[in-house]
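Residue numbers (our numbering), protein chains in the order written: chain A, 154 to 489; chain B, 828 to 1130.
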């Protein structure tokens, strides 16, 4: 049921939705970037966890939520993002094939349920050894979001909260023989995005800042912005060093989709920049959101980035870019 | 005894490779020379079965991208384009060290040192989550003496060097046929994102045993100061170069916009008249004649 408080958007003239409703829409239709509908009703029985080796001791686990990154070594296991709670036993079973070591770190790239939903279940499966505690890390805005309980929504399980939050531009740790550097990317996909760089393995876990095969979900209600998205993609390009012929070298694990590298991120960054340029030009010409949508400024990218079950449709992407450019908040930072 | 030797000969014959493609090959540019050597004109999409998305993407392409965005500077051609690009090729045979069976052909081209392996040992293609590369993942099977090569896992690249795109969902098939010292390669590209029907192109190579494939070392350098969020592109409807090819060659503008129907001879009957007809050839007129590889549009054949 759509709740409206009678407000209208100054940009589109459409009724504004409450944050609760927007969140419930998000939860209910989080085929966002994953092909299957997510949420409590989704049946995970038939989901298989695919393990794709990336580089050195890094693996990408693909199931039903966002991609999970797993780093294994002599000190134990570190994972980035946990997909959905019902998948935790299957994910843990695959991790156990890679390492018998303790699960020591979970890093969340952002607050969406297809990336944090399995935190508590994984924590339970990890057990509790005071000498080898599990730490759950995320940028502090993720903790802030997860501890906000919207009316009618269940509380996020306490044992899955990222209470090892950070509020600085970067956080780093050394684990399994390599530096792991976590970068806060302000106001990109959300306001709590983290990139995770495995400096020795030369792998970046990008979360939903980078979703090849789908337009980025600019979650404006949770601090996302198009300019922040571009800056975050540029930061990935700054960190990634391609090998010969501009491919390989640093590998990038996206929030959803296949393993990528620098050249793939370049194509994606170019797409976001070019669409931004087109919509910015239309805004300068005083075109309304409806007029911009009707002009189809993404029509040469839709065949590549939209499928029949995409959550981020062309119109949704156009609307997010339009509203992001029309707001005065910007990205919250200057370019690097 | 004769039967024994015949049987032994048959048994020792390579189980996989029927024809040996190894050696150094030089491309012959008699097909589509202006398109391949100086490079295609901006806005020339004629004969390409592209959809509207590809057309707008190409219209938006600004070649400044290659010099302004360092990540583009050292990119090689993708393997579907490299067979018609500007580069020579060496083909090596890869043998199983124990059985001596040919398990792959390995190609190396001098432009950007492109290297490609064509597996003949029946191995599967990587998973859908594996990285994509410029050369992709290729496996070959024999149809009599023709090698059919199927390639997946390609990076996004171009069908033409004027910005006509080819997506990373594309796959293609090569057909390699050797006629003595000549190699014919037919390439069939399928792209669900940008093509409405497969794009078929052929290229010819000649064996050139004295050829040396030198190194081609490329280093990216930020040559032009730019903002981090700047990517050169033409906004829709603003590219001033799109009519050039029609004007220079005396073609109807609509024909230069491409699409599947422009592939076929029947299209000539309906393509209309050019806005600026030409009485005689004025551009790249002598390319290929008398062995001339012309880089200048006004080059004349040697007297």
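Backbone N, C-alpha and C fix where the C-beta goes; we use that ideal spot for every residue, glycine too.
Show which residues of chain B have a CB atom less than 8 Å away from the CB atom of residue i.
i, result
"residue 306 of chain A", "Under the 8 Å cutoff, chain B gives no residues; its nearest Cβ is about 32 Å from residue 306 of chain A."
"residue 419 of chain A", "896, 898 and 899"
"residue 411 of chain A", "955, 956, 957, 958 and 959"
"residue 490 of chain A", "Residue coverage of chain A in this structure runs from 154 to 489, which leaves residue 490 of chain A outside it and unanswerable."
Tell me which residues share the same chain as residue i and place their Cβ nearer than 6 Å to its Cβ, disregarding the 5 neighbours each side in the sequence.
i, result
"residue 974 of chain B", "967 and 1003"
"residue 322 of chain A", "337"
"residue 377 of chain A", "342, 343 and 371"
"residue 185 of chain A", "Because residue 185 of chain A carries a pLDDT of 39, less than 50, the predicted location of this residue cannot be relied on, and the following value inherits that uncertainty. Closer than 6 Å at Cβ, skipping near neighbours: 370 and 464."
"residue 275 of chain A", "235 and 241"
"residue 1073 of chain B", "1080 and 1083"
Under 7 Å between beta-carbons, which chain B residues line up against residue i? List them in chain order, please.
i, result
"residue 457 of chain A", "994 and 1020"
"residue 399 of chain A", "898, 901 and 902"
"residue 213 of chain A", "956"
"residue 427 of chain A", "887, 1058 and 1060"
Measuring only between beta-carbons, confirm whether residue i sits less than 9 Å from chain E.
i, result
"residue 203 of chain A", "Of the protein chains in the structure, A and B, none is chain E."
Counting contacts by CB-CB distance shorter than 9 Å, is residue i in contact with chain A?
i, result
"residue 898 of chain B", "yes"
"residue 1060 of chain B", "yes"
"residue 878 of chain B", "yes"
"residue 887 of chain B", "yes"
"residue 1055 of chain B", "yes"
"residue 873 of chain B", "no"
"residue 1131 of chain B", "In the structure as shown, chain B begins at 828 and stops at 1130. Residue 1131 of chain B is therefore absent and cannot be evaluated."
"residue 881 of chain B", "yes"
"residue 1017 of chain B", "no"
Going by beta carbon distance, what residues of the same chain come within less than 7 Å of residue i, once the five residues before and after it are set aside?
i, result
"residue 872 of chain B", "882, 885, 991, 1083, 1084 and 1085"
"residue 178 of chain A", "Confidence is the limiting factor: at residue 178 of chain A the pLDDT is only 37, short of 50, which leaves the residue's position unreliable and the question unanswerable from this model."
I'd like to know if residue i contacts chain B, where contact means its C-beta is closer than 9 Å to some C-beta of that chain.
i, result
"residue 184 of chain A", "Unreliable placement is indicated for residue 184 of chain A, whose pLDDT of 39 sits below 50; no coordinate value is reported for it."
"residue 240 of chain A", "no"
"residue 365 of chain A", "yes"
"residue 360 of chain A", "no"
"residue 189 of chain A", "Only weak support exists for where residue 189 of chain A lies, its pLDDT of 40 falling under 50; the coordinates are left without a value."
"residue 462 of chain A", "no"
"residue 395 of chain A", "yes"
"residue 434 of chain A", "yes"
"residue 232 of chain A", "no"
"residue 480 of chain A", "no"
"residue 236 of chain A", "no"
"residue 452 of chain A", "yes"
"residue 423 of chain A", "yes"
"residue 380 of chain A", "yes"
"residue 473 of chain A", "no"
"residue 355 of chain A", "no"
For a contact defined as C-beta to C-beta under 8 Å, what are the partners of residue i on chain A?
i, result
"residue 1010 of chain B", "Neighbours of residue 1010 of chain B on chain A: none; closest Cβ ~24 Å, over 8 Å."
"residue 913 of chain B", "Under the 8 Å cutoff, chain A gives no residues; its nearest Cβ is about 16 Å from residue 913 of chain B."
Quick one, which of the options has its alpha-carbon nearest residue i's?
i, options, result
"residue 1125 of chain B", "B:1115, B:1110 and B:1119", "B:1110"
"residue 856 of chain B", "B:1020, B:1073, B:1012 and B:1056", "B:1012"
"residue 1100 of chain B", "B:1112, B:1078 and B:907", "B:1078"
"residue 1022 of chain B", "B:1043, B:948, B:1032 and B:994", "B:994"
"residue 420 of chain A", "A:430, A:390 and A:396", "A:390"
"residue 849 of chain B", "B:944, B:926 and B:977", "B:944"
"residue 383 of chain A", "A:427, A:400 and A:407", "A:427"
"residue 1026 of chain B", "B:1014, B:1033 and B:1037", "B:1014"
"residue 976 of chain B", "B:950, B:1001, B:863 and B:864", "B:1001"
"residue 869 of chain B", "B:1071, B:1033, B:1096 and B:1076", "B:1071"
"residue 250 of chain A", "A:212, A:472 and A:312", "A:212"
"residue 285 of chain A", "A:418, A:452, A:258 and A:273", "A:258"
"residue 455 of chain A", "A:469, A:297, A:440 and A:261", "A:469"
"residue 1053 of chain B", "B:880, B:892 and B:865", "B:892"
"residue 245 of chain A", "A:267, A:203 and A:207", "A:203"
"residue 243 of chain A", "A:271, A:265, A:262 and A:231", "A:271"
"residue 989 of chain B", "B:865, B:846, B:853 and B:939", "B:865"
"residue 867 of chain B", "B:1102, B:1107 and B:1069", "B:1069"
Using a cut-off of 7 Å between C-beta atoms, extract the partners of residue i located in chain A.
i, result
"residue 1084 of chain B", "Per Cβ cutoff of 7 Å: no residues; residue 1084 of chain B is ~14 Å from chain A at best."
In chain B, what lies closer than 9 Å to residue i by C-beta?
i, result
"residue 445 of chain A", "The contacting residues do not exist; residue 445 of chain A stays about 12 Å from chain B at best."
"residue 404 of chain A", "958"
"residue 431 of chain A", "887, 1060, 1062 and 1063"
"residue 383 of chain A", "1055 and 1056"
"residue 387 of chain A", "1055 and 1056"
Consider the C-beta atom of residue i and the heavy atoms of the ligand ATP; say whether any pair is separated by less than 8 Å.
i, result
"residue 417 of chain A", "With respect to the ligand ATP, the structure shown offers nothing to examine, as it has no ligands at all."
In chain A, what lies closer than 9 Å to residue i by C-beta?
i, result
"residue 1042 of chain B", "Chain A residues near residue 1042 of chain B: none, gap ~11 Å exceeds 9 Å."
Using C-beta distances below 8 Å, list every residue in its chain close to residue i, excluding the 5 sequence neighbours before and after it, in chain order.
i, result
"residue 1081 of chain B", "1098 and 1099"
Between the segment 932–966 of chain B and chain A, which residues of the former have a C-beta closer than 8 Å to a C-beta of the latter?
939, 940, 941, 954, 955, 956, 957, 958, 959, 960 and 961
According to a CB-to-CB cut-off of less than 8 Å, which residues of the segment 1063–1094 of chain B neighbour chain A?
Answer in chain order: 1063.
Give the residues from the segment 972–1000 of chain B that approach chain A closer than 7 Å (Cβ to any Cβ), ordered along the chain.
982, 983 and 994
Any C-beta of chain A within less than 9 Å: which residues of the segment 848–860 of chain B qualify?
none
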